[in-house]
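*Asks:* Handing you this structure, nothing more for now.
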Amino acid sequence: MVIYPELVPLLPLLLSGIALPLTAILRIDEKLKRNIACIVACIAHAIAMILLFLPTGLVWVTQKEVIVRSFIKGSILSTLYVDSISTFFMLIFFLVGLIVSIYSWRGLEPGIRAELYYALICLLTTGMTVLCMVGDFISFFAAWELLSISIYALVCSKRDDVLAMEAAFKYMMLSCIAAILMIYGLSILYGYTGHFDFIGLQRALSASIPYTVHLALALLIITFCFKAAIVPFHTWAPDVYQASIDPITALLSGATTKAGVYGIMRLLSISRLSPELILSLGVLSVATMTIGNLSAILQRDIKRLLAYSSISHMGFVIMGFATLNPLGLAAALFHSLNHAIMKPLAFLSLGNMRLIAGDTTEEKLRGIGRRMPVTTMCLMVSLLSLMGIPGLNGFVSKFMLILAAFHAGLVWLAIAGIVNSAIAVAYYIRVMQIVLRGTSGAAKAEVPMSLLLPVIALAVMCLVLGIIPAPVISWALSASELALMGKP
Amino acid sequence: MMPLFQAILAPIIGAPIVYLLEKRLRLKVGWIAFAILLYSLSMLSMVAVRFLREGAPIVEEFAWAPLVELYFGFRADGLSLPVVLIIAILSTVTAIYSMPYMEHKTGWGVYFALYLLYAAGMMGTVLATNLIEFYLFWELMLVPSYFLIAEWGYGARERVSFKYFIFTHVGALSLLAGILSLYVITGTFQLYEIPIKLRAANISHYVLFWIMVALLIGMFVKMAVWPLHTWLPDAHAEAPTPISVLLSGVMIECGVYAFARFVPLFFPELLLENSHSLMILAVITMFYGGLMALVQTDIKRLLAYSSISQIGYMLFGLSSATALGLIGSIYHIVSHACAKGLLFACAGAIMHQTEGLRDMRRMGGLAKRMPCTALAFLVGVFSLAGMPTLSGFISEFMIFLGGFQGVGYTQRVAVVVIAMLGAALTAAYGLWALRRIFFGQLPDYLKEVKEAPVTMVAPIMALAILSFIFGLIPPLILNFLSAWAEALGL
Chain A
112 MVIYPELVPL
122 LPLLLSGIAL
132 PLTAILRIDE
142 KLKRNIACIV
152 ACIAHAIAMI
162 LLFLPTGLVW
172 VTQKEVIVRS
182 FIKGSILSTL
192 YVDSISTFFM
202 LIFFLVGLIV
212 SIYSWRGLEP
222 GIRAELYYAL
232 ICLLTTGMTV
242 LCMVGDFISF
252 FAAWELLSIS
262 IYALVCSKRD
272 DVLAMEAAFK
282 YMMLSCIAAI
292 LMIYGLSILY
302 GYTGHFDFIG
312 LQRALSASIP
322 YTVHLALALL
332 IITFCFKAAI
342 VPFHTWAPDV
352 YQASIDPITA
362 LLSGATTKAG
372 VYGIMRLLSI
382 SRLSPELILS
392 LGVLSVATMT
402 IGNLSAILQR
412 DIKRLLAYSS
422 ISHMGFVIMG
432 FATLNPLGLA
442 AALFHSLNHA
452 IMKPLAFLSL
462 GNMRLIAGDT
472 TEEKLRGIGR
482 RMPVTTMCLM
492 VSLLSLMGIP
502 GLNGFVSKFM
512 LILAAFHAGL
522 VWLAIAGIVN
532 SAIAVAYYIR
542 VMQIVLRGTS
552 GAAKAEVPMS
562 LLLPVIALAV
572 MCLVLGIIPA
582 PVISWALSAS
592 ELALMGKP
Chain B
4 MMPLFQAILA
14 PIIGAPIVYL
24 LEKRLRLKVG
34 WIAFAILLYS
44 LSMLSMVAVR
54 FLREGAPIVE
64 EFAWAPLVEL
74 YFGFRADGLS
84 LPVVLIIAIL
94 STVTAIYSMP
104 YMEHKTGWGV
114 YFALYLLYAA
124 GMMGTVLATN
134 LIEFYLFWEL
144 MLVPSYFLIA
154 EWGYGARERV
164 SFKYFIFTHV
174 GALSLLAGIL
184 SLYVITGTFQ
194 LYEIPIKLRA
204 ANISHYVLFW
214 IMVALLIGMF
224 VKMAVWPLHT
234 WLPDAHAEAP
244 TPISVLLSGV
254 MIECGVYAFA
264 RFVPLFFPEL
274 LLENSHSLMI
284 LAVITMFYGG
294 LMALVQTDIK
304 RLLAYSSISQ
314 IGYMLFGLSS
324 ATALGLIGSI
334 YHIVSHACAK
344 GLLFACAGAI
354 MHQTEGLRDM
364 RRMGGLAKRM
374 PCTALAFLVG
384 VFSLAGMPTL
394 SGFISEFMIF
404 LGGFQGVGYT
414 QRVAVVVIAM
424 LGAALTAAYG
434 LWALRRIFFG
444 QLPDYLKEVK
454 EAPVTMVAPI
464 MALAILSFIF
474 GLIPPLILNF
484 LSAWAEALGL
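In order, the protein sequences belong to chains A and B. The numbering of the first sequence is this note's numbering, which starts it at 112 and goes up by one. The numbering of the second sequence is this note's numbering, which starts it at 4 and goes up by one.
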């Protein structure tokens, strides 16, 4: 039996995902069970993260080489393919998973079965990590479904909430259609090239390819766009984000949308997308940014507003792919990471406010800022960063994206990005003003430390990445150069 | 040692400290903020003395993002030193002034923390060595000032601060578009490499023109040049008075500084070509501000419109594209910072002593009750109106002299003459305001008014004295500015 060192980070997550539901049969106190589940999940994520960054960890190994392994000799299936693109996304998934696990300890509403909840979170992270590590599209599809199914269950963690049920159902239906499109695309690809594995595909797709294969690639991109909530495949996002409990919203907008981004990135790295497809990514990006922003302006519920803002930010990420130069791809990766920090920060701060104010509507949140200074400060950091104020991480990646668009000669795309940044300011400022509006004279009511800690950690990350972005950018650049290797 | 770094970092590091010390020191935490700013000021003065001795710009840099050859650094030269010094002086004295102003309000720690960040943003903007750093500090001065207005302002402060943020941020995005397109052409953000690369790149005139327009829109929003001025009267009138002092006294002048820094350096030919149209814009701004000031009854709104008019003067000097005009504009930054800071501070002192009275129709005869404030107000008005021995005279004199120089003589004379008539407007609204506030019949409800506390009067007097000093000893500033004009090759 060979032990593959690359798979080690996965083990704690997978094991806790499998083991945690078993604690349901234990006859112990509910509270103790919840604590155990939380600690196990946090440790699993933390170990995964530490293993990633150890001196022998994947991050450093993949800087030098691409790891390719085949579990069954000669088989086209069950292959491992890890490069710096994979590790970059693994970082995003582990980070958001860890933060959400910590937050959920006290942030879970009563009535949610903690052991199942945490097991699902672990399985979700497992799914996303496997997605990044596999080297063929069959395993890729399996991982894709694993993460999708975990999401359906997580969205309706509040079992008696009709809205959550409806949202989960909507998401499931649309997700299934998207999965079917993916299978369709994959079968065309297989029919043409005879390969499912990335290396074989890469070889087969490097020559000129017929129209049908472009169609197959377009179908795959649609699937990924669906997961990333790109207009016009975004309709599930506002409902699901609003109906889920706050940590799950953070997880969805922070991590699972990035699974779609990973898909697009992987597709770019193994194939040469046609100029029309790239152009349509640019058009989708503009549509996503604009529709996301304009819808956000109209919202009265702050959580829904942030859901739309999340959509618009995914438009920014896609903008990087449309430029098709190393800077743009690196910016897209970096913006994915930044978004995975800013948006969970916003949703979790909002979750803290919900605990005190009762809801996240404009009326309830009015003047909450004076009662919860720390949470408010963190929310401000997140909003300013989302807005693209220099000194915070959101600015750096947005700046790189627009710069890349200028470099690629796509002036319309760059201008659209700038105009959308300007539109977005309008609603972020409105959120700030609602929160700061000084009518509430009630006493201070800050949430406990375990809820503040993840939020503060994220806010600090925003600042640090905003001031010292260079290490992450060079990592993202090496990943994006890898993706564009051998392409004009 | 790196004195410039210390000067900028001290307020940034000081901000959280001030916030944390509030619990223990209460309002006295303002003295900590004052001490921090005083430290920055002394560092900057040291640099200024060194500059005069050595005659070469003082640059402190380290690599920031080596990928794009970006350096983080500060550069003090003949242009940036007078501006950054006046920013430091004004924010230092206003820190003292803030304490009596804030005594009936809450949240002192947050106030002074934001105040320090705001000051650091303005100083950093002026000292930045590359466009990214410039943009960073440019936005750093927006965010704290937004919170300061939204939290401690008057009236419809939510609406006003919203307007302020949207206007300024959209302007900044336009500036960003200009910066990015410059980078795409030249491949650098470093301020002094851009003109060389720009000339080498051989870019069409048309493209350069639009890049300049994008940059100018950003600066004009900050400067509140007509027709992008609409945020200013609201924001400056409704901001807490110490913040009005800084907004009007130095923040909008950062836009003037940006113009003086970038435009003659990057687009010297375009500036000459468009000099005439920019001058007309300046004259419109001047008259618009002056006429609007004439009809105001609210003392702070009057001063806000007066700022627009004064920005017109500065733009006038800049757009003349002559050495004298440019120097005069920067000199006017200093004069205006002293005079307008002083006037806003006087308005705040009056409001503080009369429980928030702002309507000039209900004032009168206050000179008997508040003699020091009245005297200082007089100095401020005279300085703005260009009275000899006060610093406003020197700067306005140079601005108009600069206007007469240069190409296109006959057409230009007409514009300059009209502009000089605008100076009469300044005297008109200033003196009329003075009369309505301080002279005439003292109404009964103001009988009990006393002179403002010493922590308010002392900063006001300091600014009045500075107006005299800069009016009597112009070489104090001209030594710096002539070094800049020489380096620019004018």
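We treat Cβ as the ideally placed atom computed from N, Cα and C, and that holds for glycine. Since this is a predicted model, take the numbers as computed values, not measurements.
1. Just checking, does the segment 477-485 of chain A make contact with the segment 440-450 of chain A on the three C-beta pairs under 8 Å criterion?
2. With a threshold of 8 Å on Cβ separation, who are the neighbours of Pro103 (chain B) within its own chain once the five nearest residues in sequence on each side are excluded?
3. For Ala426 (chain B) and Ala388 (chain B), I'd like the C-alpha separation in whole angstroms.
4. According to DSSP, is Thr97 (chain B) helix, strand or coil?
5. Looking at the secondary structure, which residues open and close the alpha helix (DSSP H) in which Leu73 (chain B) lies?
6. Which residue spans inside the segment 250-309 of chain A form an unbroken alpha helix (DSSP H) run of at least 4?
7. Given a cut-off of 8 Å on the beta-carbon distance, is the pair Ile397 (chain B) and Gly474 (chain B) in contact?
8. If I follow the unbroken alpha helix (DSSP H) through Tyr334 (chain B), where does it start and stop?
9. Just to confirm before moving on: does the CB-CB distance between Gly368 (chain B) and Leu437 (chain B) stay below 8 Å?
10. Against Ile169 (chain B), what residues of chain A qualify as contacts under a CB-to-CB distance less than 9 Å, listed in chain order?
11. Give me the residue from B:Ala91, B:Asp80, B:Phe115, B:Val418 with the minimum Cα distance to Ile287 (chain B).
12. Short of 7 Å Cβ to Cβ, which residues in the segment 146-176 of chain B face chain A?
13. Report the rounded CA-to-CA distance for Ile584 (chain A) versus Ala203 (chain B), giving the unit in angstroms.
14. What residue range is occupied by the uninterrupted alpha helix (DSSP H) comprising Ser215 (chain A)?
15. Out of A:Leu202, A:Met560, A:Asp140, A:Leu131, which has the shortest C-alpha to C-alpha gap to Ala159 (chain A)?
16. Comparing alpha-carbon positions, which option in A:Ile422, A:Ser493, A:Arg383, A:Leu331 lies nearest Pro343 (chain A)?
17. Just to make sure I have the definition right: I need the residues of chain B whose C-beta is within less than 7 Å of the C-beta of Arg548 (chain A). Which are they?
18. For Tyr138 (chain B), which residues in chain A fall below 7 Å Cβ to Cβ?
19. Along the alpha helix (DSSP H) that carries Arg27 (chain B), what are the first and last residues, could you check?
20. Using beta-carbon positions only, say whether Leu459 (chain A) and Leu388 (chain A) come within less than 8 Å of one another.
21. So with Cβ pairs under 8 Å, would you call Phe252 (chain A) a contact of chain B?
22. Using the Cβ count rule (16 or more neighbours within 10 Å means buried), how would you classify Ser382 (chain A)?
23. State the Cα-Cα distance for the pair Ser391 (chain A) and Ala433 (chain A), rounded to the nearest angstrom.
24. Quick one: Cα of Ile336 (chain B) to Cα of Ser470 (chain B), how far?
25. If you check the beta carbons only, do Ala594 (chain A) and Ser406 (chain A) fall under 8 Å apart?
26. Do Leu574 (chain A) and Leu476 (chain A) have their C-beta atoms closer together than 8 Å?
27. Of all the CB atoms in chain A, is at least one closer than 8 Å to the CB of Tyr186 (chain B)?
28. Classify Pro437 (chain A): buried if its beta carbon has 16 or more other beta carbons within 10 angstroms, exposed otherwise.
29. What does Ile413 (chain A) reach in chain B if we use C-beta pairs closer than 7 Å?
30. Please state the DSSP three-state secondary structure of Asn133 (chain B).
31. Helix, strand or coil for Trp487 (chain B), going by three-state DSSP, please let me know.
32. For Leu393 (chain B), name the three-state secondary structure that DSSP assigns.
33. Find the residues of chain B that neighbour Ile529 (chain A), judging by a C-beta separation of less than 9 Å, and give them in chain order.
34. What residue does the alpha helix (DSSP H) around Arg162 (chain B) start on, and which one ends it?
35. Take Leu145 (chain B) and list the residues in its own chain whose beta-carbon comes closer than 8 Å to its own, dropping the five residues that flank it on each side.
36. Could you tell me if Trp67 (chain B) is buried or exposed, where buried requires 16 or more neighbouring beta carbons within 10 angstroms of its beta carbon?
*Replies:* In this structure, then:
1. no
2. Correct list, in chain order: His355, Ala455, Pro456, Thr458, Met459.
3. 6 Å
4. helix
5. Counting along the chain, Leu73 (chain B) sits inside no alpha helix (DSSP H); it lies in the beta strand (DSSP E) bounded by residues 73-79.
6. 273-304
7. yes
8. 326-356
9. no
10. Against Ile169 (chain B), the close residues of chain A are Ala533, Val536, Ala537, Ile540, in the order they occur along the chain (beta-carbon pairs closer than 9 Å).
11. B:Val418
12. Those residues of the segment 146-176 of chain B that come within reach of chain A (Cβ to Cβ, closer than 7 Å) are Val146, Ala153, Glu154, Glu161, Phe165, Phe168, Ile169, His172, Val173, Leu176.
13. Whole-angstrom Cα-Cα distance: 30 Å.
14. 195-218
15. Nearest to Ala159 (chain A) by C-alpha distance, out of A:Leu202, A:Met560, A:Asp140, A:Leu131, is A:Leu202.
16. A:Ile422
17. Glu161
18. Pro501
19. For Arg27 (chain B), the enclosing alpha helix (DSSP H) begins and ends at 6-28.
20. Taking 8 Å as the Cβ cut-off, Leu459 (chain A) and Leu388 (chain A) do not qualify as a contacting pair.
21. Phe252 (chain A) does not count as touching chain B.
22. buried
23. Cα to Cα, the separation comes out at about 8 Å.
24. Each residue's CA atom was taken as its position, placing Ile336 (chain B) and Ser470 (chain B) some 12 Å apart.
25. no
26. The answer is no: Cβ separation not under 8 Å.
27. yes
28. buried
29. Those do not exist, as Ile413 (chain A) stays about 16 Å from chain B at its closest Cβ, beyond 7 Å.
30. strand
31. helix
32. coil
33. Leu176, Ser177, Leu179, Ala180, Leu183
34. Per DSSP, Arg162 (chain B) is one residue of the alpha helix (DSSP H) stretching across 160-189.
35. Gly124, Phe168, Thr171, His172, Ala175
36. In this structure Trp67 (chain B) is buried. Its beta-carbon is surrounded by 16 or more other beta-carbon atoms within 10 angstroms.
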